[in-house]
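Undergrad: For reference, the structure I am asking about is given below.
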Amino acid sequence: LTPRPGSPFKDTSNTSIFPDITVEKIDGEFIVMLNDRNIPHLTLSASYRKLLNKNSGSSPETRKYLVDKLNGARWFINSIEQRRSTILRVSNAIVERQKEFLDHGVSQLKPITLQVIAEEIGVAISTVQRVTTGKYIQTPQGVFELKYFFTQRISSSDGSEDISAKSVKDRVKQLIENENHQKPLSDQKITDILNNEAIDISRRAIAKYRDELQIPPARLRKEF
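Note that the sequence shown covers residues 486 to 709 in the numbering used here.
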């Protein structure tokens, strides 16, 4: 019996993703660009500005109404520009910390928290969380949601740089894909291999990652 009886009812239809940010390597440097060239640029109507002129003949009530509306429009335009700026700053901060990932893939993904990026660009954690929700970035390694780069930190046992949980999960997947199918690796064996690679992780964590990858335990992977 399947442990996930609801899986057949899941909607598996493909959904097109249009990246909000693009990262390209140009002359050895990663350049971050917003994909908003096709979005109309908002401006204030010149005709309404003319109505504010003292010689336009507009009544005081009309002019007061226009002032309120124009101030609201300016606030709206400034908010959009501030949001664009924040997304760009967050993306640049992420790219700066993930250059090795952009060059070599998920095995080089560095652990980052929302707090680290928020402190670096000088905004609240909630702001970083908000601008990264539902936003996608196109990189040399593929298209990812910005939240993909915020991952749990796993300590190294040899005092070297910590690694991300996603990198460990990818390593678990590699080990299982390359295992001897007649003698599949147990969770404890995978734990021992990673511990020997200076990754400080428990067997329980390995079992959790294997389950998240939807890979059955060793006894169910064995081929006769």
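Ideal placement from N, C-alpha and C gives every residue a C-beta, glycine not left out. A quick note: this is a predicted structure, and the numbers were derived from the prediction, not measured.
What do you reckon, are the CB atoms on ILE700 and LYS658 nearer than 9 Å?
TA: Position 215 of the sequence shown, counted from the first residue, corresponds to residue 700. Position 173 of the sequence shown, counted from the first residue, corresponds to residue 658. Going by C-beta atoms, ILE700 is nearer than 9 Å to LYS658.
Undergrad: Closer than 8 Å by C-beta to THR487: which residues in its own chain qualify, once you throw out the five before and the five after it? Chain order, please.
TA: Counting from one through the sequence shown, the residue named residue 487 turns up at place 2. No residues qualify anywhere along the chain.
Undergrad: Report, in whole angstroms, the separation of the C-beta atoms of PHE629 and THR598, which I expect to be a contact under 8 Å.
TA: Against the sequence shown, residue 629 aligns to sequence position 144. Against the sequence shown, residue 598 aligns to sequence position 113. Not really, about 17 Å apart at Cβ, beyond 8 Å.
Undergrad: Report yes if the C-beta distance between GLN623 and THR528 is below 9 Å; otherwise report no.
TA: In the sequence shown, the residue the question calls residue 623 occupies position 138. In the sequence shown, the residue the question calls residue 528 occupies position 43. No. Outside cutoff.
Undergrad: With a floor of 3 residues, list each beta strand (DSSP E) that falls wholly inside the segment 505 to 539, ordered by position along the chain.
TA: Here the runs fully enclosed are 506 to 511, 514 to 519.
Undergrad: For LYS651, collect the residues of the same chain with a Cβ closer than 7 Å to its Cβ; drop the 5 residues on either side in sequence, then sort them by chain order.
TA: Stepping through the sequence shown from its first residue, residue 651 is reached at position 166. Here the set comprises VAL591, LEU594, THR636.
Undergrad: When DSSP labels each residue in this structure, what does PHE629 get in the three-state scheme?
TA: Along the sequence shown, one-based indexing puts residue 629 at 144. Correct three-state label for PHE629: strand.
Undergrad: Do the segment 501 to 519 and the segment 561 to 577 make contact, defined as three or more Cβ pairs closer than 8 Å?
TA: The segment 501 to 519 is in contact with the segment 561 to 577.
Undergrad: Measure the C-alpha to C-alpha separation of PRO702 and PRO669 and round it to an integer number of angstroms.
TA: For the purposes of this step, residue 702 is taken as the residue at position 217 of the sequence shown. For the purposes of this step, residue 669 is taken as the residue at position 184 of the sequence shown. So the alpha carbons of these two residues sit roughly 9 Å apart.
Undergrad: Short of 7 Å in beta carbon distance, which residues of its chain neighbour ILE502, apart from the five on each side in sequence? Order them along the chain.
TA: Along the sequence shown, one-based indexing puts residue 502 at 17. Cβ within range, chain order: TYR621, VAL628.
Undergrad: Using 10 angstroms around the beta-carbon of SER649, count the other beta-carbons present and answer buried if the total reaches 16, otherwise exposed.
TA: Start at 1 with the first residue of the sequence shown, and residue 649 comes out as number 164. With 16 or more other Cβ atoms within 10 Å, it is buried.
Undergrad: Determine the DSSP secondary structure at SER641, reduced to helix, strand or coil.
TA: Taking the sequence shown and counting its residues from 1, the one referred to as residue 641 is at position 156. If DSSP states are grouped into helix, strand and coil, SER641 belongs with the strands.
Undergrad: Using the Cβ count rule (16 or more neighbours within 10 Å means buried), how would you classify LEU679?
TA: Numbered from 1 along the sequence shown, position 194 holds the residue referred to as residue 679. So LEU679 ends up on the buried side.
Undergrad: Using the beta-carbon count (16 or more within 10 Å), is SER687 buried or exposed?
TA: Here residue 687 is taken as the residue at index 202 of the sequence shown, counted from 1. Under this definition SER687 is an exposed residue.
Undergrad: Report the residue from ARG568, ASN665, GLY607, ARG656 whose alpha carbon sits nearest the alpha carbon of THR617.
TA: Numbered from its first residue, the sequence shown carries residue 617 at position 132. The shortest C-alpha separation from THR617 is found at ARG568.
Undergrad: Below 8 Å on the Cβ atoms is my guess for VAL517 versus VAL613; work out the distance and round it to an integer in Å.
TA: Position 32 of the sequence shown holds residue 517. Position 128 of the sequence shown holds residue 613. That belief does not hold up - the Cβ atoms of VAL517 and VAL613 are roughly 16 Å apart, past 8 Å.
Undergrad: Which stretch, first to last residue, makes up the alpha helix (DSSP H) that contains GLN667?
TA: In the sequence shown, the residue the question calls residue 667 occupies position 182. That residue, GLN667, is in no alpha helix (DSSP H); it is neither H nor E in DSSP.
Undergrad: Where does ASP588 land, buried or exposed, given buried means 16+ other C-beta within 10 angstroms?
TA: In the sequence shown, residue 588 corresponds to position 103, counting from 1. Counting Cβ neighbours within 10 Å, ASP588 comes out exposed, since fewer than 16 surround it.
Undergrad: Identify, in the order they occur along the chain, each residue of the same chain with its Cβ nearer than 7 Å to the Cβ of SER640, setting aside the five sequence neighbours on each side.
TA: Here the question's residue 640 lines up with position 155 in the sequence shown. These residues qualify, in order along the chain: ASP647, ASP685.
Undergrad: Where are the alpha helix (DSSP H) runs, 4 residues long or more, that stay fully inside the segment 563 to 621, in chain order?
TA: Segments of the alpha helix (DSSP H) lying fully in the segment 563 to 621: 584 to 589, 599 to 606, 610 to 617.
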